[in-house]
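K.L.:
Before I ask anything, here is the structure I am working with.
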Amino acid sequence: MAFIKLDVAADRLGISLAYFRNLIDRADRKETVLDPDPTADFWTSTTAVIPERDLRTYENMLARRRFMRFREKFADVLIDHVELSCRPGWKSLLERVAERVRWMPSEWNVRLRKAREKSGYLVLGFEYDRDQQAACNEIERFREEIRLSSLSMCEECGRQARFRYSPSRSLTLCDRHARLAEPTLPGDGVMADPAFDEGLLSELPSD
Ligand SMILES: [Zn+2]
């Protein structure tokens, strides 16, 4: 079996070494990384290698994270170079958005412009005919519907999840992926919607 070093693999995948290490960690694949130096640490090792055949697995993983198939399948309701910056667990939400846009009246000229994770929930941006009041109302309502849905779906894997309140990175995650938002802040588990629940925090005992 052929092995290649991590930095070489990252290079061939067209990503940075730091991003590659993160990807391996998120996919729970750290055990597939071998290191001739038994004292080396996964996050800093310069000697770690992976089986070369695993490159294919990572290519597929990256394609999923970039929503390649989604972009092709729904090209008719996306603007060119649509921004999709969220993790792969929200793919079914993105599909719901695109399907719904297809059903909107064609005279509204609706296209998805961006789908971005912000403070743990999904924020959508659309291009559409803003002179049509019905379109404005429907899009505003729909953005809120999707935002609320995203607050119960793991952004990493799509499972049932809850909002995780974190100083560095608030995210909506399932129990299995909760570690990606660690450490959490006091108020984690109380706050369900960061857009409305900030007030709850002042009622927490401060110690
Ligand atoms: Zn998850």
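Our numbering numbers the first residue of the sequence shown as -9 and each following residue consecutively. Positions of the beta carbon are idealized from the N, C-alpha and C atoms, including for glycine.
Kindly indicate which residue of ASP187, GLY4, GLN122, SER160 has the alpha-carbon position closest to the one of LEU45.
P.N.:
GLY4
K.L.:
Have a look at the DSSP bridge pairing and note the partners of GLY115.
P.N.:
Residue pairing by DSSP places GLY115 opposite LYS104 in a beta bridge.
K.L.:
Decide yes or no for the touch test of the stretch 141 to 152 against the stretch 77 to 92: beta carbon pairs closer than 8 Å, at least 3 of them.
P.N.:
yes
K.L.:
What's the C-alpha gap between ALA185 and GLY177?
P.N.:
Across the structure, ALA185 and GLY177 are spaced so that their CA atoms are roughly 14 Å apart.
K.L.:
Take GLU117 as the anchor and find which of CYS164, SER142, VAL91 has the nearest alpha-carbon.
P.N.:
VAL91
K.L.:
On the three-state DSSP scale, how would you describe LEU175?
P.N.:
Assigned with DSSP and collapsed to three states, LEU175 falls in coil, not helix or strand.
K.L.:
If you measure between the beta carbons of LEU112 and ILE136, is that distance less than 8 Å?
P.N.:
yes
K.L.:
What's the C-alpha gap between HIS167 and PRO173?
P.N.:
Here the alpha carbon of HIS167 sits roughly 13 Å from the alpha carbon of PRO173.
K.L.:
On the DSSP bridge list, what partners appear for PRO41?
P.N.:
PHE(-7)
K.L.:
Closer than 6 Å by C-beta to ASP197: which residues in its own chain qualify, once you throw out the five before and the five after it? Chain order, please.
P.N.:
For ASP197, the predicted model reports a pLDDT of 45, less than 50, meaning its position is unreliable and no value from the coordinates is stated.
K.L.:
Under 8 Å: do the stretch 118 to 125 and the stretch 151 to 158 share three or more Cβ pairs, one atom per stretch?
P.N.:
no
K.L.:
Enumerate in chain order the residues of its own chain whose CB-to-CB distance from MET(-9) is below 6 Å, with the five nearest sequence positions on each side excluded.
P.N.:
PRO41
K.L.:
Under 8 Å between the Cβ atoms of PHE64 and ALA88?
P.N.:
yes
K.L.:
Tell me ARG154's beta-bridge partners as DSSP assigns them.
P.N.:
LEU161
K.L.:
Identify every run of the alpha helix (DSSP H) within the stretch 2 to 86, keeping only runs that are complete inside it and at least 4 residues long; order them along the chain.
P.N.:
Here the runs fully enclosed are 7 to 16, 45 to 55, 58 to 63.
K.L.:
Count the other CB atoms within 10 Å of the CB of ARG11; is the residue buried (16 or more) or exposed (fewer)?
P.N.:
buried
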